[in-house]
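Novice: Chains as they are written, first to last, in my numbering: chain A, 1 to 347; chain B, 1001 to 1327; chain C, 2001 to 2308.
The structure under discussion is supplied below as structure tokens; questions concerning it will follow.
Here it is as structure tokens:
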């Protein structure tokens, strides 16, 4: 894949339909702000990424970097107020979803784009059985009869490898273990056979042993169905095995995007370098853990220039003056650092 | 907000060695403002900041102040006589002379309404304090001791909880304050207070008990106990301050409901009695003349409703300010 | 569930005994001479005194009296008034009227309170929301007798829309205003609880999930949001029915409804101790059982609650 990572923003067509790029789902120059009593927080400041059929994009970032808000904007479940989209496009099959009617957007949810949430216990409705919540989609969206919908729901539970699917159909969410609950959540999101699946920190709430199983399940489902998968996580370790490409977010921007191999081998942004360095390593036992100093910026008052400059060990005067755009460096990768070329070309 | 030029002075000198990311100088321009932003204000500080912006809070507080002054110094508001009247003025309609008119016995309704505040508010305040003290203490003991003490006290509270309020008050008051009893006005007031307290303490007890139960197992209490703090100290220093807020909110609302309850009992003819002046008595006396002189009902009812509403609104405003979920 | 039910029933026993004993003691024992003023202005007839003393064992201790009374009660003997009217008859005549009034009140508060609460919960901060907030505060703050009087005077006397008092036939149309008066405060509570509950749940993760599933908005709200938000409202309504069935002394008094509240008030005023105690015992029993029903209802509505 030769990715044309957006550099100088090519403005989409004024009719809102965008360029016919053939991409499955693309987010372009998305901007979202939260208007609160204490001020306006610029949560997303021009995010651009895309995902194609059969590919997995990992979106990596600390909490507050805007990765989940981007996903919520794509799904149309952003809490408004306080969240407001102030610019950009979200195109599905080339059509801008932000310009669609509420009804058009609703039809895409579930069938076109579906979502797996972080905490299945709160994301599933506590007073309905898991089976009801899956079957409901077949009944409402596909018009199936109660009995047929139940049959299909049990099939779905079976597919995500929930033992005794038939018996589990009539259990409530609180009667499931954490891992099983997340499987049920995945079954629910896959029920209408979506083209794109967004998984928002799908393993964060789980035990470490269960995390790997859920990641494997997601990867398997993605392969079988040739879906586009957007995997949102703050855990660099989780993504290595499953992701094709990684987009690193910081302060509401993509700071680096590359395929997995390139990103690990030669990160092209100081923030990514910091992230990779802060993974504890077996061969450095006994040494102090490395961390990135400081805190993410206050989104109500993002520092001028590169938002990472106060924490950046490489910061130069230019970093405090000019916002580095996300520019292509080398083949099929991009970085938003003034010194990206130097980082890539170092040995 | 932080000034970028001062930030640049303290920022680490640029380094091209990315491996040093973690070991550089720990100065961070973003830190001071983050630190300021997250400085804990505390629940009460937050609540007070929230309250100050609410017009409802100020309005109800102002009304309460007026009523309290009215109860303490009624002569500041009127020079009229609340107890004696002349029958020649019977049921004279409101006019410039007597703003609220005269009642059946020719007494000045305005003076009576002003003087009526005293009995109504006194009964409500004393009953509230009694209810909070008794209910709070028993609830604290039940919640803190747990076990059979809790079971016993909870069942005991259930006994009083099972009595419908008006019915219970009627039984108590007719027993001790029947038509043939000759209690003086202070004794009657005491009986009304007692019946209100006896029938209301279980609610406060349950409130206190559940908030003690919720706080008792909090880490800082367990820690205090592990450090050897005595029971008295734990209750006074740690439990009470944390359980007091919901109690005080309920207490404020309770003052309002007790003003209404006192009026209801007087209205039924089993509470305070003439010559004591209270809004409930006035309404009770007015009910037979409702067709001819509705103003006799209107003025005491308006004062009663305003007073009740002020206390309920104040409690409501404080509750909303204290409840972070509602922000 | 069965064991829970049994345990709760056993817990009710001491509460029932305690409450009824309290009432018995207050009515029979505290005033001293149990017959003072009990037969109107005259002294009670000797035959009656002898009969009652024997029947209620008034020469025995209060404990024996109470035990005897309870034994009779559970054999279906509710006692009789001094002029030989069966208390059971009084209850049987008055209770259906109270029940009718209570159900009308419950219906009114459920319909009006719920609609107001749901509408404002979904759309907070608007004109309607503020209107409902202020008017519910008023309804909560106003003592029932003030609401009753004002409505009776306005609708009945001044405008003549309704009959100021309810006739013995207890027609449904006559009960609407008394029902509204009786349920007014609870209606306000229902509206507020529903509003808070809806507003809290509206931002819940599972509502978000339901939207993300592509369900139509009316299903998200009508099925997912409502089903969760109604749990506290339904239990509130249940508790309230228990309280309403305890009789509405004030409302029944204002509108001259021959219900249990008025019957007990009349009995208290005329010092009919046997009647007072028997009615209160029945009311307490109803109230306690209703609370038990509410507990079970809660369990039925929220699958997360497990009783063992």
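All C-beta atoms in this analysis are idealised placements derived from N, C-alpha and C, irrespective of residue type, glycine included.
All figures in this text were calculated on a predicted structure; none of them were measured in a lab.
Assign residue 2076 of chain C to one of three DSSP states: helix, strand, or coil.
Specialist: Coil at residue 2076 of chain C, not helix or strand.
Novice: Contact criterion: CB-CB distance below 9 Å. Does residue 2217 of chain C meet it with respect to chain A?
Specialist: Judged by the 9 Å Cβ criterion, residue 2217 of chain C is in contact with chain A.
Novice: List the residues of chain C whose Cβ lies closer than 8 Å to the Cβ of residue 1301 of chain B, in chain order.
Specialist: The answer, in chain order, is 2146, 2149, 2150.
Novice: By Cβ distance, which residues of its chain are closer than 6 Å to residue 256 of chain A, with the 5 residues on each side in sequence left out?
Specialist: Hits under 6 Å: 248, 268, 269, 272, 335.
Novice: Beta carbon of residue 1172 of chain B, beta carbon of residue 1198 of chain B: below 9 Å?
Specialist: Contact: yes.
Novice: Output needed in chain order: residues of the region 2108 to 2140 of chain C with a Cβ under 8 Å from some Cβ in chain B.
Specialist: Residues passing the 8 Å Cβ filter: 2137, 2138, 2140.
Novice: At 8 Å on the CB atoms, spell out the chain C contacts of residue 1287 of chain B, in chain order.
Specialist: In chain order: 2149.
Novice: Compare the Cα-Cα distances from residue 1127 of chain B to each of B:1253, B:1305, B:1139 and report the closest residue.
Specialist: Measuring from the Cα of residue 1127 of chain B, the nearest candidate turns out to be B:1253.
Novice: Would you call the region 2248 to 2268 of chain C and the region 2168 to 2187 of chain C touching, i.e. three or more CB-CB distances under 8 Å?
Specialist: With the cut-off at 8 Å, the region 2248 to 2268 of chain C and the region 2168 to 2187 of chain C touch.
Novice: Can you list, in chain order, the residues of its chain with a C-beta nearer than 7 Å to that of residue 1040 of chain B? Leave out the 5 residues immediately preceding and following it.
Specialist: Confidence at residue 1040 of chain B is low in this model, with a pLDDT of 47, below 50, so its placement is unreliable and no value can be given for it.
Novice: At what residues does the alpha helix (DSSP H) containing residue 2194 of chain C begin and finish?
Specialist: Residue 2194 of chain C -> alpha helix (DSSP H) spans 2172 to 2202.
Novice: From the DSSP output, which residues share a beta bridge with residue 334 of chain A?
Specialist: Beta-bridge pairing links residue 334 of chain A to A:257, A:328.
Novice: Let's see if you can read the secondary structure: which residues bound the beta strand (DSSP E) around residue 231 of chain A?
Specialist: Start and end: 228 to 233.
Novice: Rank A:346, A:119, A:243, A:42 by C-alpha distance to the C-alpha of residue 66 of chain A and give the top, closest one.
Specialist: Comparing Cα positions, the closest option is A:42.
Novice: List the whole-angstrom C-beta distance separating residue 1284 of chain B from residue 1266 of chain B, where the pair is believed to meet the contact cut-off of C-beta under 8 Å.
Specialist: With 8 Å as the limit, residue 1284 of chain B and residue 1266 of chain B qualify as a contact, their Cβ atoms being about 6 Å apart.
Novice: Determine the extent of the beta strand (DSSP E) in which residue 44 of chain A is found, giving its start and end residues.
Specialist: Element bounds for residue 44 of chain A: 39 to 51.
Novice: Would residue 322 of chain A be called buried (16 or more neighbouring beta carbons within 10 Å of its own) or exposed?
Specialist: Classification for residue 322 of chain A: exposed.
Novice: Please report the distance separating the alpha-carbon of residue 1308 of chain B from that of residue 1251 of chain B.
Specialist: When rounded, the distance between both Cα atoms is 13 Å.
Novice: For a contact defined as C-beta to C-beta under 9 Å, what are the partners of residue 1158 of chain B on chain C?
Specialist: Result: 2011, 2012, 2014, 2015, 2018, 2019, 2288.
Novice: Determine whether the Cβ of residue 2305 of chain C lies closer than 9 Å to any Cβ atom of chain B.
Specialist: No, no contact with chain B.
Novice: Apart from the five residues just before and just after residue 1315 of chain B, which ones in its own chain have a Cβ nearer than 6 Å to its Cβ?
Specialist: Excluding positions up to five away in sequence, the list reads 1249, 1252, 1253.
Novice: Cα separation between residue 2296 of chain C and residue 169 of chain A?
Specialist: Their Cα atoms are separated by approximately 25 Å.
Novice: How would you label residue 1185 of chain B, buried or exposed, when you count the other beta carbons within 10 angstroms and need 16 or more for buried?
Specialist: By the neighbour-count rule (16 or more Cβ atoms within 10 Å), residue 1185 of chain B is not buried but exposed.
Novice: Identify every run of the alpha helix (DSSP H) within the region 2199 to 2250 of chain C, keeping only runs that are complete inside it and at least 4 residues long; order them along the chain.
Specialist: Counting whole runs of 4 or more residues, the region 2199 to 2250 of chain C contains the alpha helix (DSSP H) stretches 2205 to 2212, 2226 to 2244.
Novice: Apply the 10 Å Cβ neighbour rule to residue 2117 of chain C and answer buried if 16 or more other Cβ atoms are within range, or exposed otherwise.
Specialist: Label assigned to residue 2117 of chain C: buried.
Novice: Please report the straight-line C-alpha distance between residue 1261 of chain B and residue 2230 of chain C, rounded to a whole angstrom.
Specialist: Residue 1261 of chain B and residue 2230 of chain C: Cα-Cα distance of roughly 30 Å.
Novice: Between the Cα of residue 1257 of chain B and the Cα atoms of C:2008, C:2236, C:2084, C:2138, which residue gives the shortest distance?
Specialist: Of the listed residues, the one whose Cα sits closest to residue 1257 of chain B is C:2138.
Novice: So, with DSSP's three-state summary, where would you put residue 250 of chain A?
Specialist: Of the three classes helix, strand and coil, the one that applies to residue 250 of chain A here is strand, per DSSP.
Novice: Between residue 1070 of chain B and the rest of its own chain, which residues show a CB-CB distance below 7 Å, the 5 nearest in sequence each way excluded?
Specialist: Correct list, in chain order: 1077, 1114, 1117.
Novice: Going along the chain, which residues of its own chain have a beta-carbon closer than 8 Å to the beta-carbon of residue 2168 of chain C, five neighbours each way excluded?
Specialist: Answer for residue 2168 of chain C: 2258, listed in chain order.
Novice: Please tell me whether residue 117 of chain A and residue 123 of chain A are closer than 9 Å, where the distance is taken between their beta carbons.
Specialist: Yes, they are a contact pair.
Novice: Take the Cβ of residue 2015 of chain C as the centre, count every other Cβ of all protein chains shown within 10 Å, and call the residue buried at 16 or more, exposed below.
Specialist: It counts as buried.
Novice: Who are residue 245 of chain A's beta bridge partners in DSSP?
Specialist: Answer is A:57, A:259, bridged to residue 245 of chain A.
Novice: Given that a residue counts as buried once 16 or more other Cβ atoms are within 10 Å of its Cβ, and exposed if not, what is residue 1970 of chain C?
Specialist: A query on residue 1970 of chain C cannot be resolved here, the shown segment of chain C reaching from 2001 to 2308 and no further.
Novice: Does residue 1108 of chain B come out as helix, strand or coil in the three-state DSSP assignment?
Specialist: DSSP places residue 1108 of chain B in strand when its eight states are reduced to three.
Novice: When you compare the region 213 to 226 of chain A with the region 24 to 40 of chain A, are there three or more beta-carbon pairs, one atom per stretch, that lie closer than 8 Å?
Specialist: Not touching, per the Cβ criterion.
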